[in-house]
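Below you'll find the structure, written out as structure tokens, and then a few comments.
Protein chains in written order, with my numbering: chain A, 87 to 374; chain B, 173 to 258.
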């Protein structure tokens, strides 16, 4: 089917009536942050990142594989002058390890001259089966990294109280999981997300809340943004889709649609119907 | 920054004695080295210095210091890079 161009008027509305997403020192136009893991090939990753429209991509810090000279580096496929890199502390189960990994990630990015050197996606896990965060170790690591000058984007569960404590500890952004990492279950508890948004934005409406993890498909992204989240971070839902590039494009569109729907303001849900066509002037009679 | 150590091979003088070597832990594996600068150990293993960070005994060694940082017996060295992740 031939694609149709949106009308000029609609496009102008969509693109002009939103402010950039501000996270720490960075201003972003795209509301999607995408991961770079789990792709079958680095070429597929590169093309999917491009199709997602994301400006920020997450990366992990791991041992350099010595002696394995055939191995290409991921940076051969991500132009660090084009993307803002967000290093994570994935795989850390203790605060001290997360702090070490954050420092090493910062050093790589600093030496690359990538502006992502000033931030980190903090992830301190409590359990390898659920990959749920350890809230106590996360808070401890968050406090330490903030003290070291990091802008901490903090992966957490959807617990509103923990989210508030992380914000109080100086996290630049709180990033609640919609559902467990890689589970594709979407946003399991929209009510908790609503409460997190209410608590964290109470006196600080621009405080960024990013839904991180659990996205399964494009509608999950739309739901998160419709609820008022400022952005969505996802990886598996694109990387493990049957057609990752197409899914990346779907995610981009869902992000735009969800954000627009949030800004536009949805109608309230009602139990009974409300007619769209006027009652006045009907030429028929009601049998009941 | 680590104080630079005099070249240990000088202690053994002429007479063609082999340089004394010692062991460091490099990414979890023992490696024999005759000392020298950290950067030489990395270059010997074909590491692309522009995409890595190095930690020695738990402390990050800044890129600018790799040339001058001298290896010490028993050092624990971690060399990391970026990989795909979410």
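Using N, Cα and C, we set each Cβ at its ideal position, and we do this for glycine too.
### Message
Using only CA atoms, which one of A:328, A:327, A:245, A:337 lies nearest to residue 317 of chain A?
### Response
A:337
### Task
Return no unless some Cβ of chain A is closer than 8 Å to the Cβ of residue 229 of chain B.
no
### Query
Does the beta carbon of residue 239 of chain B come closer than 8 Å to any beta carbon on chain A?
no
### Query
In whole angstroms, what separates the C-alpha of residue 326 of chain A from that of residue 258 of chain A?
29 Å
### Query
Taking the beta strand (DSSP E) that residue 183 of chain A falls in, what are its first and last residues?
That residue, residue 183 of chain A, is in no beta strand (DSSP E); its alpha helix (DSSP H) goes 181-198.
### Query
Which whole-angstrom value describes the C-beta separation of residue 225 of chain B and residue 252 of chain B, a residue pair presumed to lie in contact below a C-beta threshold of 8 Å?
5 Å
### Query
In or out: residue 374 of chain A buried (at least 16 other Cβ within 10 Å) or exposed?
exposed
### Exposure label - residue 207 of chain A; buried when at least 16 CB within 10 Å
buried
### Task
Return yes when the Cβ of residue 227 of chain B is within less than 8 Å of the Cβ of residue 190 of chain A, no when it is not.
yes
### Message
Per DSSP, what are the beta-bridge partners of residue 241 of chain A in this structure?
### Response
A:261
#### Entry: DSSP state of residue 226 of chain A mapped onto helix, strand, coil
helix
#### Entry: Separation of residue 362 of chain A from residue 220 of chain A, as counted between CA atoms
50 Å
#### Entry: Contact list for residue 196 of chain B against chain A, beta-carbon separation under 7 Å
By Cβ distance, chain A contributes nothing, its closest Cβ being about 13 Å from residue 196 of chain B, past 7 Å.
### Query
Per DSSP, residue 338 of chain A is paired with what?
Residue 338 of chain A pairs with nothing; no bridge assigned.
### Query
Enumerated in chain order, which unbroken segments of the beta strand (DSSP E) with a length of 3 residues or greater are wholly contained in the region 285-357 of chain A?
296-298, 317-320
### Task
Could you run through the region 141-170 of chain A and flag, in chain order, every residue whose CB is less than 8 Å away from some CB of chain B?
144, 145, 146, 147, 148, 149, 150, 152, 153, 155, 159, 160, 161
### Message
Please state the DSSP three-state secondary structure of residue 173 of chain A.
### Response
strand
### Message
So with CB distances below 8 Å, who are the chain B contacts of residue 190 of chain A?
### Response
225, 227, 232, 250, 252
### Query
My guess is that residue 164 of chain A and residue 122 of chain A are in contact by the Cβ rule of under 8 Å, so how many angstroms apart are they, rounded?
7 Å
### Query
Among all the DSSP beta bridges, which residues are the ones paired with residue 197 of chain B?
B:202, B:248
### Query
When every heavy atom of the ligand NAP is checked, does at least one fall within less than 7 Å of the C-beta of residue 328 of chain A?
For the ligand NAP, the structure offers nothing, since it holds no ligand at all.
### Task
Just mark residue 360 of chain A as buried or exposed, buried being the case when its beta carbon has 16 or more other beta carbons within 10 Å.
exposed
### Task
Using the DSSP secondary-structure output, state which residues sit across from residue 387 of chain A in a beta bridge.
Past the boundaries of the shown model lies residue 387 of chain A; chain A is included only from 87 to 374, so the question cannot be answered.
### Message
Just to make sure I have the definition right: I need the residues of chain B whose C-beta is within less than 8 Å of the C-beta of residue 186 of chain A. Which are they?
### Response
227, 230
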